[in-house]
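Asker: One structure, pasted below without further comment.
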Amino acid sequence: MQAFKFIQGTQPLLVSMPHVGTYLPPALAARLTPTARQVHDTDWHLERLYGFAQELGASVLIATHSRYVIDLNRDPSGASLYPGQSVTGLCPVDDFDNQPLYQDPADLPTTAEIALRRDTLWQPYHQQLHAELARIQAVHGKAVLWDAHSIRSVVPRFFEGKLPDLNLGSGNGTSCDPAMSAALLAIAQSAPGYTAVLNGRFQGGYITRHYGQPAQNIHAIQLEMTQSSYMQEAMPFDYLPEVAAGIQPHLRRMVEAALRFGVNRH
-17 MQAFKFIQGT QPLLVSMPHV GTYLPPALAA RLTPTARQVH DTDWHLERLY GFAQELGASV
43 LIATHSRYVI DLNRDPSGAS LYPGQSVTGL CPVDDFDNQP LYQDPADLPT TAEIALRRDT
103 LWQPYHQQLH AELARIQAVH GKAVLWDAHS IRSVVPRFFE GKLPDLNLGS GNGTSCDPAM
163 SAALLAIAQS APGYTAVLNG RFQGGYITRH YGQPAQNIHA IQLEMTQSSY MQEAMPFDYL
223 PEVAAGIQPH LRRMVEAALR FGVNRH
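The following block contains the structure:
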């Protein structure tokens, strides 16, 4: 299976979904625990939630493999994005509940296996991401990257209590023009019934921090949403259309604002 699906758009916006994949190669799945095979930590249903992105003319890059195979939003060297805090790795060995993914410690991925996954899955995704941003910038003079994520609203391993619903991350102001992140935060904070923060617990992963280069007219933002805003957070992880209908208009307004920033040259 290819590392990604890609739909090229016509506007200066690329929506990246690095954690929506659910595919586990059979030989790897056989080494995982029964719970791990259910890929609980997937960013479920983002393709459906962001169904409007293609209507807006955005390009969309969609991972196919589970983050349990390799995490496309981690530094390829394995370096931590949040030093001193609990994180999952490039090729994770435990889940968000700190439970082991592999049945037998002898089955943990070797250095050679990690390198192979990096070469065959991580690299192709990032090559496509880089190439599309370069194309967009060449055509439009500016490129905007929206890195789309979601997570259970309560994950004690990573944060206390319930996470705000809309968590924008700009690498602490380094990955995009502050005017863009401020505009997005204003929309998020004006959404009745939802909570929002900028550069809180989630400040943007490797993709946001690496590709966001405002001085070169490439502006990147990450949105980490609570899954309770649009879906069932426990198995079977169903999409809940009536719940999603509440957040989707606000989400669309945010993406439209990011797109306007890309179209508006200055």
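Taking the numbering used here, I'd label the letters of the sequence shown as residues -17 to 248. Glycine is no exception: its CB is placed at the ideal position from the N, C-alpha and C atoms.
#1: Answer with buried or exposed for Tyr221, where buried requires no fewer than 16 other C-beta atoms within 10 angstroms of its C-beta.
#2: Pick helix, strand or coil for Asp89, following the three-state DSSP scheme.
#3: Just to confirm my understanding: we take Val225, look at its own chain, exclude 5 residues before and 5 after, and list those with CB closer than 6 Å. What are they?
#4: Considering only the alpha carbon of each residue, which of Leu145, His201, Tyr188 and Ile200 lies closest to Val179?
#5: Go through its chain and collect everything with a Cβ distance to Gly3's Cβ below 6 Å, but skip five positions before and after it.
#6: Give the DSSP bridge partners of Glu275, in chain order.
#7: Residues in the same chain with beta-carbon distance under 7 Å from Leu167, minus the five sequence neighbours each way, listed in chain order, please.
#8: If I measure Cβ to Cβ from Ile(-11) and keep anything under 7 Å in the same chain, skipping five residues before and after, which residues do I get?
#9: Report yes or no: do three or more beta-carbon pairs, one from the segment -10 to -3 and one from the segment 113 to 125, lie closer than 8 Å?
#10: How would you call Arg99, buried or exposed, if buried means at least 16 neighbouring beta carbons within 10 angstroms?
#11: Hey, would you say Ala173 sits closer than 8 Å to His131, going by beta carbons?
#12: Would you identify the three-state DSSP class for Pro231, choosing helix, strand or coil?
#13: Helix, strand or coil, according to DSSP, for Val285 in the structure here?
#14: Kindly indicate which residue of Gly187, Asn199 and Gln209 has the alpha-carbon position closest to the one of Leu63.
#15: Kindly identify the DSSP beta-bridge partner or partners of Ser48.
#16: Measuring straight from C-alpha to C-alpha, what distance separates His248 and Lys124?
#17: Quick one: Cα of Ser210 to Cα of Ser135, how far?
#18: Does DSSP classify Asp220 as helix, strand or coil?
#19: For Pro160, count the other beta carbons within 10 Å of its own beta carbon; 16 or more makes it buried, fewer makes it exposed. Which is it?
#20: Where does the unbroken alpha helix (DSSP H) through Phe34 begin, and where does it stop?
#21: Pick from Ala9, Gln(-16) and Gly244: whose alpha carbon is nearest that of Trp128?
Answerer: If we stick to the structure as given:
#1: Only exposed fits Tyr221, as fewer than 16 other CB atoms lie within 10 angstroms of its CB.
#2: The three-state reading of DSSP puts Asp89 in helix, counting H, G and I together.
#3: Answer for Val225: Tyr212, listed in chain order.
#4: Cα-wise, what sits closest to Val179 is Leu145.
#5: Cβ within range, chain order: Ala45, Thr46, His47 and Ser48.
#6: Outside the shown range of the chain, which is -17 to 248, sits residue 275, and nothing can be said about it.
#7: Non-local beta-carbon contacts of Leu167 in its own chain, meaning distances under 7 Å to residues more than five positions away in sequence, involve Leu150, Ala178 and Leu180 in chain order.
#8: These residues qualify, in order along the chain: Gln36, Ser41 and Val42.
#9: With three or more CB-CB distances shorter than 8 Å, the segment -10 to -3 counts as touching the segment 113 to 125.
#10: Flag for Arg99 reads buried.
#11: No, these two residues do not count as a Cβ contact at 8 Å.
#12: Pro231 carries a helical assignment under DSSP once its states are collapsed to helix, strand and coil.
#13: Any property of residue 285 remains undetermined from this structure, which presents the chain solely from -17 to 248.
#14: Distances from the CA of Leu63 to each of Gly187, Asn199 and Gln209 were compared; the closest alpha carbon is that of Gly187.
#15: In the DSSP output, where bridge partners are listed per residue, Ser48 has none listed.
#16: Because His248 carries a pLDDT of 44, less than 50, the predicted location of this residue cannot be relied on, and the following value inherits that uncertainty. His248 and Lys124 have their C-alpha atoms spaced approximately 10 Å apart.
#17: Answer to the nearest angstrom: the Cα atoms are 6 Å apart.
#18: In the structure shown, Asp220 sits in coil (DSSP, three-state: anything other than H, G, I, E or B).
#19: Per the 10 Å Cβ criterion, exposed.
#20: Segment Phe34 to Glu37, the alpha helix (DSSP H) holding Phe34.
#21: Comparing C-alpha distances from Trp128 to each of Ala9, Gln(-16) and Gly244 shows the shortest one belongs to Gly244.
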